[in-house]
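There are 2 protein chains.
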Amino acid sequence: MARAGLTVERLVVAGAELADQVGFDQVTVAAVARGFGVQTASLYSHVKSSHDLKTRIALYALEELADLVADALAGRAGRDALAAFADAYRDYAARHPGRYDATRLRLDAATAAASAGVRHAQMTRAILRGYDLGEPEQTHAVRMLGSVFHGYISLEAAGGFSHTAVDPQQSWDWIIDSLDALLRAGGPRTSG
Amino acid sequence: MARAGLTVERLVVAGAELADQVGFDQVTVAAVARGFGVQTASLYSHVKSSHDLKTRIALYALEELADLVADALAGRAGRDALAAFADAYRDYAARHPGRYDATRLRLDAATAAASAGVRHAQMTRAILRGYDLGEPEQTHAVRMLGSVFHGYISLEAAGGFSHTAVDPQQSWDWIIDSLDALLRAGGPRTSG
DNA sequence: TCCATTTGCCTAATCCATTTAGGCAATCCC
DNA sequence: GGGATTGCCTAAATGGATTAGGCAAATGGA
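These protein sequence lines are chains A and B, in that order. Under our numbering, the first residue of the first sequence is numbered 1, with each subsequent residue one higher. Under our numbering, the first residue of the second sequence is numbered 1001, with each subsequent residue one higher.
This is the structure we're talking about:
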């Protein structure tokens, strides 16, 4: 019989595409195998398990997204950089919902440390360098940015914003302006 | 044979407890059935499907959480109300991680409209009434609060904050202060 | 109290995903 | 070309989801 020419890379790419089409949680070893016209068991020469396959898809998506974010960030600073950063994530999630979901897969500590997740964290801090924050404020801000962007994208994808007439794009811009204003002010500056 | 005395309510409660113990995605018809010492197929007299069971758990958790939030909010306004609101969500997620995950289940439009999700939205707007926002700013703010709180809780649960020494509670407080300051200012007020 | 109805839980069976073991054939390399 | 490797196969076990159909326990009316 002719061989399908499976490799880990081809499985991962096919899995990522499948995720975008039917959802990351619908990516199964069996479904990917069907895509190649091959028996399910055949994939186990290339990946250890279903979890292994999904982890590889997550790592792939993290890399891809980090590259896109890095591109978007090139040559920008301040509010420009902040908006480009935020938009890069949101665009990716809109274009590749399954892959975006994959990036949210919980990785064990060692895998996470060796992943492009590190680059994401670095880029977030790079943006904040354009504002004047010390520690621990910078860490607070990293967490806040991550929370807002991830939260917004995830609620938007879940259809949470479709019950109101207000354009999600306008809310998104308003939120970015808010974050920019907050960071320029150096934080909440608790005063009466 | 003695009957186990299954009812939809008992299944839902057991499912919610199981979710907190092993994770919402590990809640299966089979697992719940085991907890009652009953055959898997027996549950199908009470719930239509695995998806039906999970949806009911989600609705149950949404009600429970809405009640807690309402209690936390009673008699508070301004920053106090904002903090109580935020803490109620975060505490619930910490105490009942599986149920919190359940509240994130995507519901179809009709089910969502008949759920306690409506009360959650109302309470969010009630808090914003303490600030002076018109439309569409109030909607932007609703979306921002939802994004930040959900995003933070979800990143914290995923262990995303365990790589830095900064106390997550401090970041949480800083973020609430930031949101309060932003709302008091009436939004970003794009200037300079 | 007896019988009929309802209903709760069971057995049996099907379908599908995961995973392991072991085998044959295509491919690679000398 | 032939031996070693490796890719994909078949077979089989496990476990969850789901449906069909049956018996027995609870319920309630007479």
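No residue lacks a Cβ here, since even glycine has one placed at the ideal position from N, Cα and C.
Item	Value
Host alpha helix (DSSP H) of G15 of chain A (start-end)	V8 to V22
Chain-ordered chain B contacts of Q170 of chain A [CB-CB under 8 angstroms]	P1136 and H1140
Contacts that I175 of chain A makes with chain B (C-beta to C-beta distance below 8 angstroms)	H1140, R1143, M1144 and S1147
Euclidean distance between Cα positions of D1177 of chain B and R10 of chain A	48 angstroms
Cβ-based neighbour list, Y89 of chain A, same chain, cut-off 6 angstroms, excluding 5 preceding and 5 following	F149
Residues near L155 of chain A by beta carbon distance below 8 angstroms, same chain, minus five either side	F161
Any chain B beta carbon closer than 8 angstroms to F161 of chain A	yes
Member of A:R76, A:Q21 and A:R56 whose CA lies at the smallest distance from the CA of R104 of chain A	A:R56
Chain A residues whose Cβ lies nearer than 9 angstroms to that of V1008 of chain B	Chain A residues near V1008 of chain B: none, gap ~25 angstroms exceeds 9 angstroms.
Buried versus exposed, by CB contacts within 10 Å (16 or more), Q138 of chain A	buried
Residue range of the alpha helix (DSSP H) that includes S212 of chain A	No answer is possible for residue 212 of chain A: the residues shown for chain A start at 1 and end at 192.
Residue ranges of each beta strand (DSSP E) within the stretch 1064-1137 of chain B, 3 or longer	none
For G35 of chain A, the first and last residue of its enclosing alpha helix (DSSP H)	V29 to F36
Between the CA atoms of D173 of chain A and A1061 of chain B - distance to the nearest angstrom	32 angstroms
Cβ distance (whole Å) where H46 of chain A is taken to contact V8 of chain A below 8 angstroms	5 angstroms
C-alpha gap between H1120 of chain B and L43 of chain A, whole angstroms	45 angstroms
Local Cβ density within 10 Å of S1049 of chain B, reported as buried at 16 or more and exposed below that	exposed
Three-state class that DSSP yields for P1188 of chain B in the structure shown	coil
Between the CA atoms of G1005 of chain B and A109 of chain A - distance to the nearest angstrom	44 angstroms
Simplified DSSP assignment, three categories, for D1167 of chain B	coil
Contacting residues, own chain, Cβ-Cβ under 7 angstroms from A1081 of chain B (five flanking each side not counted)	L1073, I1127 and G1130
Contact list for the stretch 25-56 of chain A against chain B, Cβ threshold 8 angstroms	none
For K1054 of chain B and V1013 of chain B, believed in contact at Cβ under 8 angstroms, the rounded distance	Going by Cβ atoms, the distance from V1013 of chain B to K1054 of chain B rounds to 14 angstroms, so no, they are not a contact pair.
S162 of chain A - DSSP class collapsed to helix/strand/coil	coil
Where S115 of chain A meets chain B, residues with beta-carbon distance less than 9 angstroms	Residues of chain B passing the Cβ test: none, with the nearest at roughly 12 angstroms.
8 angstroms Cβ cutoff, G1005 of chain B in contact with chain A	no
Contact with chain A by V1069 of chain B, beta-carbon distance below 8 angstroms	no
Minimum Cβ-Cβ distance from T1164 of chain B to chain A less than 8 angstroms	yes
For K1048 of chain B, three-class secondary structure by DSSP	coil
Spatially closest choice to V1022 of chain B from B:A1086, B:A1084, B:G1098 and B:T1164, by CA coordinates	B:G1098
Proximal residues of chain B, C-beta to C-beta of A158 of chain A below 8 angstroms	R1104 and R1106
Local conformation of R3 of chain A per DSSP, three classes	coil
Contact under 8 angstroms by Cβ, R1106 of chain B with A158 of chain A	yes
Beta-carbon proximity of A1181 of chain B to P188 of chain A, cut-off 8 angstroms	yes
Outcome for G192 of chain A when other beta-carbon atoms lying within 10 angstroms are tallied against a minimum of 16	In this prediction, G192 of chain A scores a pLDDT of 45, lower than 50, which makes its location untrustworthy; the coordinate-derived value is nonetheless stated afterwards. G192 of chain A is exposed by the Cβ-count criterion.
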